[in-house]
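Using the working numbering, you'd call the opening residue of the sequence shown number 70 and step up by one each time.
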Amino acid sequence: MRKNKKTPKTTDTFVFVHGMLGFGEEESIYKIAPYWGGFSGSLIKRMRREGYDACAPSFGSISSAWDRACELYAALTGTRVDYGAAHAKKYGHARYGITYSIPQVSRWGEILPNGEKKRIHLIGHSFGGATVRMLSHLMAYGSEEERAATPEDELSPLFAGGKGDWIKSVTAIAGPFNGTTVIDAIGILVPTLKVISFFGFANVLGNTPFRKIYDMQLTQWKITSDRHGRARLFRIGHLGRIKKFWTSHDDCFWDLCLAGAHELNAFFESNPDAYQFSISTDSSKEKKNGDYKMRASTLFPFIITGNMMGKYDYDRTMGQPLGNEWKANDGCSNTFSAHHPDDEPWVEYEDAKGNLQKGVWNAMPVYQGDHMDVVGLSVRGALQPGHTRKFLKNLITVLENLD
């Protein structure tokens, strides 16, 4: 973003949504390593200095797209999290979560003095892409299942639908619309990652004062404590609760695999009132044998995962072989999968940017960089922070110029 202050062209709020294992502004770790901006400095602070209304809410870092969308809605409206009576019963966790006392978007959906409706731009990175798609869908269509299971006076406005025009745009950056092969390709590393996430970071550290630094927010499963309340040490070691969550399919690990993403795509519908953008990422190159390997500039952990993805050709979650197009990746997301949803209307942005249509995914040019490069938490982000600032600035410019 520019250092010189300017008057934004929009009164809309920019909402930045973190991915799996990510974190928002409420967590102390954000002050040290801002998820949005990384080594280039906090994008949110920079935007606010320039007069934009922007926020990066905190919510469950390994929860499902549904749970995260419910938490995001509550954070934006300043209300109690309602996961839905039907959803809570289906998966066996609490219906209600934490309460947000202050809305992060004031007057959202209201008519402002300038005669325009207060709307938001949703920008999601990685699994944040599925989260913003879920919120956009629920705002537009609500949930028939929740409406059928809940008395009208108890129904969350989120499940009522009819609010698709409260959202001006939805952007997914490195978001695996059709799933990512990383979950299946890394094999035995997945249980290890789950143990560290579910038990270590969530259950142990999530019930100590450490949760104020980094909080996985699994209060609906009674695995973590509310960061605004006291730490509940007696929750540590409740393996039954962890097992229930582990096997529920109500988590990001399921939603990110190809079978889980297939289920999400069957549920999602494009929001006819919002502009939609996708930015796929690639940090790999093709080898002579047709497999892909990661470029040397890739962040080291993504070299390991990306090389596994680059030769993966059979998905066990779907029980089917995969074409060679699935091998190019950024270390976490398959470039092909992050380009556009396979069952919704889309166009190449370069072909449509003079006449953008709502409800259609505009696939922007592929970003050459690894999974965290787009948010500045990467090797290039450290060595060339100006590159991150320029990329994010250009995106904001596109969004603020939408009608």
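For each residue, glycine too, the CB sits at the ideal point set by N, CA and C.
Owing to the predicted nature of the structure, the values given are computational and were not obtained by experimental measurement.
Beta-carbon proximity list for residue i, same chain, < 6 Å, skipping 5 on both sides
i      : result
Ser127 : Gly93, Glu95 and Glu96
Thr240 : Ile192 and Phe346
Ala229 : Gly211
Ala125 : Phe85, Gly93, Glu94, Trp105 and Ile113
Gly107 : Val444, Gly445, Leu446 and Gly450
Gly428 : Ser339 and Pro341
Leu468 : His190 and Ser238
Leu327 : Gly248, Asp384, Thr386 and Met387
Ile465 : none
Lys78  : Glu469
Glu417 : Ala432
Endpoints, beta strand (DSSP E) assigned at residue i
i      : result
Thr350 : Tyr344 to Asp351
Phe85  : Thr82 to Val86
Asp151 : Arg149 to Asp151
Tyr165 : Tyr165 to Thr168
Met363 : Tyr361 to Met363
Val239 : Ile236 to Ile242
Gly193 : Ile189 to His194
Distance between beta carbons of residue j and residue i, contact taken as under 8 Å
i      : j      : result
Gly248 : His331 : 7 Å
Thr250 : Asp439 : That pair is no contact at about 16 Å.
Gly161 : Lys291 : Going by Cβ atoms, the distance from Gly161 to Lys291 rounds to 11 Å, so no, they are not a contact pair.
Ala343 : Lys237 : 6 Å
Ser352 : Asp399 : 5 Å
Phe246 : Pro410 : 4 Å
Gly147 : Ile167 : That belief does not hold up - the Cβ atoms of Gly147 and Ile167 are roughly 12 Å apart, past 8 Å.
Ile252 : Met377 : Incorrect: roughly 11 Å between the Cβ atoms, too far for contact.
Assigned exposure category for residue i - 16 Cβ within 10 Å defines buried
i      : result
Asn470 : exposed
Ile131 : buried
His297 : exposed
Ile257 : exposed
Val264 : exposed
Pro103 : buried
Ser205 : buried
Asn183 : exposed
Ser406 : buried
Ile180 : exposed
Asp319 : buried
Glu35  : Residue coverage of the chain in this structure runs from 70 to 472, which leaves residue 35 outside it and unanswerable.
Asn358 : exposed
Ser175 : exposed
Lys232 : buried
Arg137 : buried
Gln173 : buried
Glu140 : buried
Leu308 : exposed
Thr374 : buried
Gln289 : buried
Ile101 : exposed
Nonlocal neighbours in the same chain, by C-beta distance under 7 Å from residue i, ignoring five residues either side
i      : result
Arg117 : Ala123
His456 : Arg449
Thr76  : Gly120
Ile98  : Phe92, Ile282 and Tyr283
His408 : Ser347, Ser349 and Ala432
Glu338 : His206 and Tyr210
Gly178 : Lys186, Lys187, Lys232 and Trp235
Phe333 : Note that residue 333 is Leu in the sequence shown, not Phe. The answer, listed in chain order, is Ala134, Ala199 and Asp324.
Asp360 : Gly379, Lys380 and Lys396
Ile305 : Asn272, Val273 and Asn276
Arg310 : Trp290, Lys291 and Ile292
Bounding residues of the alpha helix (DSSP H) (the contiguous stretch that carries residue i)
i      : result
Ile311 : Leu308 to Trp315
Val201 : Gly197 to Tyr210
Leu333 : Leu327 to Phe336
Ala134 : Ala134 to Thr146
Leu468 : Pro454 to Glu469
Leu262 : Leu258 to Lys263
Val251 : Val251 to Ala254
Asn376 : Phe369 to Met378
Tyr160 : Ala154 to Tyr160
Glu213 : Glu213 to Ala218
Ala229 : Pro226 to Ala229
Sequence-distant residues of the same chain with beta carbon closer than 8 Å to residue i, five excluded per side
i      : result
Arg301 : Asn276 and Ser294
Glu215 : Gly153, Ala154, Ala155, His156, Leu224, Ser225 and Phe228
Arg71  : The pLDDT assigned to Arg71 is 39, lower than 50, so where the model puts this residue is not dependable, and the model offers no usable value.
Phe371 : Ser352, Met363, Asp399, Gly400, Cys401, Asp439, His440 and Met441
Pro278 : Ala300
Any alpha helix (DSSP H) of 4 or more consecutive residues that is wholly inside the stretch 81-130: Taking 4 residues as the shortest admissible run, the stretch 81-130 contains the following complete alpha helix (DSSP H) segments, listed from N- to C-terminal end: 98-101 and 112-118.
**Request:** Can you check the stretch 394-435 for any alpha helix (DSSP H) of at least 4 residues that lies completely inside it and give the ranges in chain order?
**Result:** 418-421
For this session: Quick one: which unbroken alpha helix (DSSP H) runs of 4-plus residues sit fully inside the stretch 259-296? Chain order, please.
Result: none
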